[in-house]
Amino acid sequence: MNTTRRTFLKSASTAGLGALFIPNFIERPPSTKLRFAMIGVGARGRASWSQVAVEDIVAMCDVDDRMTEQAYKTVPNAKKYKDFRVMFDEMANEIDAVMIATPDHTHFPAAMAAMQLGKHVLVEKPLVHNIWQCRTMKKAAKHYGIVSQMANQGHTTHGIRLVKEWFDAGVLGDVKEVIRWGGPTTFNPDGYFSKPEGFPFPEHDVPEGLDWDLWKGPAADRPFNNEYAPKSWRTFYDFGSGAMADWCCHSLDAPFWALDLGMPHTVDAVVPNPEVPDHSMIAQESTITWQFGARGNKPPVTMKWIEGMGKPELKEEYGLKEMPDNGMIMIGSKKTLYHGGRPNNPRLLVPEEEWIDFQKNKPAETIPRVEEEKPVQEWVAAIKNDTLPGSNFDYGADLTEMGLVGVLAQRFGGTIHYDEKNMKAVGRPELDAYIKEPVREGWSYGEDLW
102 MNTTRRTFLK SASTAGLGAL FIPNFIERPP STKLRFAMIG VGARGRASWS
152 QVAVEDIVAM CDVDDRMTEQ AYKTVPNAKK YKDFRVMFDE MANEIDAVMI
202 ATPDHTHFPA AMAAMQLGKH VLVEKPLVHN IWQCRTMKKA AKHYGIVSQM
252 ANQGHTTHGI RLVKEWFDAG VLGDVKEVIR WGGPTTFNPD GYFSKPEGFP
302 FPEHDVPEGL DWDLWKGPAA DRPFNNEYAP KSWRTFYDFG SGAMADWCCH
352 SLDAPFWALD LGMPHTVDAV VPNPEVPDHS MIAQESTITW QFGARGNKPP
402 VTMKWIEGMG KPELKEEYGL KEMPDNGMIM IGSKKTLYHG GRPNNPRLLV
452 PEEEWIDFQK NKPAETIPRV EEEKPVQEWV AAIKNDTLPG SNFDYGADLT
502 EMGLVGVLAQ RFGGTIHYDE KNMKAVGRPE LDAYIKEPVR EGWSYGEDLW
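Numbering (this note's numbering), first residue to last: 102 to 551.
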């Protein structure tokens, strides 16, 4: 039987550990230039397209002219579009790879449209907007034989590799508890979360240069409000998934990877002050608790997300005067590990002399390093060398799905008993419409893969 790259990818399974070797089925030398398209060119989009050569960007697409000035000035020769579907209709044969940095609710249709054409894709975190989309993105990447990457830059850091190496070497012992905490300034340093002045939300005039219909994409029709675009869409569940789904791809990446957590069986949420009665806006305070079963010889794990509701207990053995305002701890039977909002600089919570001694005698580095904070470059190298990057969709979709189960609990409260196999909240059929969301006509993708 002849093996092709596509059939290999369909059968391949990865756990996010560095890059997966794939036989060189594509007869293309590593020096060959790639032709890139960018969908969503401002803010996080700029962080992506600025990592590749300007002359290699052949197309740029954004529905909002307010976000395009710097990109279009820097990349003058790229063809410009508002609708990525039109871009693909006109330029499919001129594009090799696509970077997507739109609001969360349009990640999925843009990525699916690209993959259907055989284009490699890189997508901002969180990967998609609902659980069904997570599963479909994994299917699509294999089915279409493309190289995928979720652009959570922390997964490229040396720090996250240290976390896994230290855990694997037994430094922490058995980890049964993980806690992530932070206050309002932690998760909203740049004003990404803000509220309309009243409920129901007032209608505002659509700004000149914004195609509001394209911006809504698959989401239900509604009048424009200034808080939706361009910046504060994360506040609204129809477009984003709040700080938790956004930041869990940074803050919970290390424990998810190192502990091989997989999916939770139970998630609870405490939300003291829901913002609006119809569950459409993210609350600014919540505590989410995931329960994970045993994995081989690893014990069950309880993981908490504490947003605006205090800090973990300060223990004498941590060697601290007080707990930081922001961070993540993995509490082991031997040692506790801490890092800030991102996994870049992990350390053991031990007295300073013990920490200095540990750094002189750290466990061996066993995981290959890549350039830090450069997920685009890792992805490009993977395309050229027929590998998969660390946060390819097999890994990135699972990390996102874990977060999105937490979002369901945060949004609707109570307890969710999660049936991973069937993508169901057991006994709560009213959540089915949020596990797989309805879409507007013309925005349906991926149904043929099921």
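Quick reminder that beta carbons are idealized off the backbone N, C-alpha and C, glycines included.
At the level of alpha carbons, what is the spacing between residue i and residue j?
{"i": "M345", "j": "H259", "result": "23 Å"}
{"i": "W406", "j": "D369", "result": "11 Å"}
{"i": "P312", "j": "K183", "result": "As written in the sequence, residue 312 is Asp, which differs from the Pro given in the question. Rounded to the nearest angstrom, the two C-alpha atoms are 8 Å apart."}
{"i": "L421", "j": "M139", "result": "45 Å"}
{"i": "S342", "j": "W334", "result": "9 Å"}
{"i": "F268", "j": "I468", "result": "13 Å"}
{"i": "G547", "j": "A211", "result": "11 Å"}
{"i": "T175", "j": "R145", "result": "16 Å"}
{"i": "W150", "j": "P447", "result": "29 Å"}
{"i": "K240", "j": "M424", "result": "42 Å"}
{"i": "G515", "j": "K435", "result": "33 Å"}
{"i": "T437", "j": "G271", "result": "12 Å"}
{"i": "L135", "j": "A148", "result": "18 Å"}
{"i": "V224", "j": "Q460", "result": "35 Å"}
{"i": "Y419", "j": "P452", "result": "7 Å"}
{"i": "W233", "j": "V527", "result": "16 Å"}
{"i": "R529", "j": "L263", "result": "40 Å"}
{"i": "A202", "j": "D314", "result": "18 Å"}
{"i": "M503", "j": "N253", "result": "15 Å"}
{"i": "M251", "j": "C350", "result": "9 Å"}
{"i": "E455", "j": "G274", "result": "17 Å"}
{"i": "P303", "j": "L450", "result": "49 Å"}
{"i": "E538", "j": "E156", "result": "38 Å"}
{"i": "D306", "j": "T403", "result": "47 Å"}
{"i": "D165", "j": "P413", "result": "42 Å"}
Using the three-state DSSP reduction, which class does residue i fall into: helix, strand or coil?
{"i": "E170", "result": "helix"}
{"i": "E417", "result": "helix"}
{"i": "E408", "result": "strand"}
{"i": "A344", "result": "helix"}
{"i": "V224", "result": "strand"}
{"i": "T437", "result": "strand"}
{"i": "S249", "result": "strand"}
{"i": "A526", "result": "strand"}
{"i": "Y293", "result": "coil"}
{"i": "K181", "result": "strand"}
{"i": "L311", "result": "strand"}
{"i": "R541", "result": "coil"}
{"i": "V449", "result": "Reading off the sequence, residue 449 comes out as Leu, not Val. The answer is strand: DSSP assigns L449 an E or B state."}
{"i": "D165", "result": "strand"}
{"i": "T467", "result": "coil"}
{"i": "K243", "result": "helix"}
Can you pull the DSSP bridge partners for residue i?
{"i": "I517", "result": "V368"}
{"i": "A138", "result": "A160, V199"}
{"i": "W282", "result": "I407, G428"}
{"i": "W391", "result": "V368, M404"}
{"i": "M382", "result": "F337"}
{"i": "R396", "result": "K399"}
{"i": "V276", "result": "G433"}
Answer yes or no: do residue i and residue j have a C-beta to C-beta separation smaller than 8 Å?
{"i": "Y329", "j": "I383", "result": "no"}
{"i": "G310", "j": "R167", "result": "yes"}
{"i": "P365", "j": "Y519", "result": "yes"}
{"i": "P227", "j": "D347", "result": "yes"}
{"i": "V276", "j": "L360", "result": "yes"}
{"i": "I280", "j": "I430", "result": "yes"}
{"i": "P204", "j": "F340", "result": "yes"}
{"i": "I261", "j": "A355", "result": "yes"}
{"i": "V229", "j": "H244", "result": "no"}
{"i": "K485", "j": "T133", "result": "yes"}
{"i": "G543", "j": "G442", "result": "no"}
{"i": "K89", "j": "A198", "result": "Outside the shown range of the chain, which is 102 to 551, sits residue 89, and nothing can be said about it."}
{"i": "K522", "j": "Q152", "result": "no"}
So, at 8 Å on beta carbons, what are the nonlocal neighbours of residue i in its own chain, with the 5 sequence-adjacent residues on each side left out?
{"i": "R541", "result": "K317, G318, P319, A320, A321, D322"}
{"i": "A510", "result": "V368, D369, A370, I389, T516, I517"}
{"i": "M213", "result": "T237, M238, A241, Y546, G547"}
{"i": "E195", "result": "R136, V159, A160"}
{"i": "I536", "result": "N231, I232, W233, L509, M524, K525, A526"}
CB-CB under 6 Å to residue i, same chain, minus the five flanking residues each way: which ones, in chain order?
{"i": "S249", "result": "V222, A242, N493, F494"}
{"i": "E552", "result": "There is no way to answer for residue 552, as the model of the chain reaches only from 102 to 551."}
{"i": "A395", "result": "P401"}
{"i": "T287", "result": "N427"}
{"i": "M200", "result": "M139, S149, L223"}
{"i": "G411", "result": "none"}
Residues in the same chain with beta-carbon distance under 7 Å from residue i, minus the five sequence neighbours each way, listed in chain order, please.
{"i": "V371", "result": "S387, T388"}
{"i": "A47", "result": "Nothing can be reported for residue 47: it is not among the residues displayed for the chain, which extend from 102 to 551."}
{"i": "S114", "result": "In this prediction, S114 scores a pLDDT of 38, lower than 50, which makes its location untrustworthy; the coordinate-derived value is nonetheless stated afterwards. Around S114: D495."}
{"i": "A483", "result": "A120, V248, L489, P490"}
{"i": "A193", "result": "L218"}
{"i": "E473", "result": "T257, T258, H259"}
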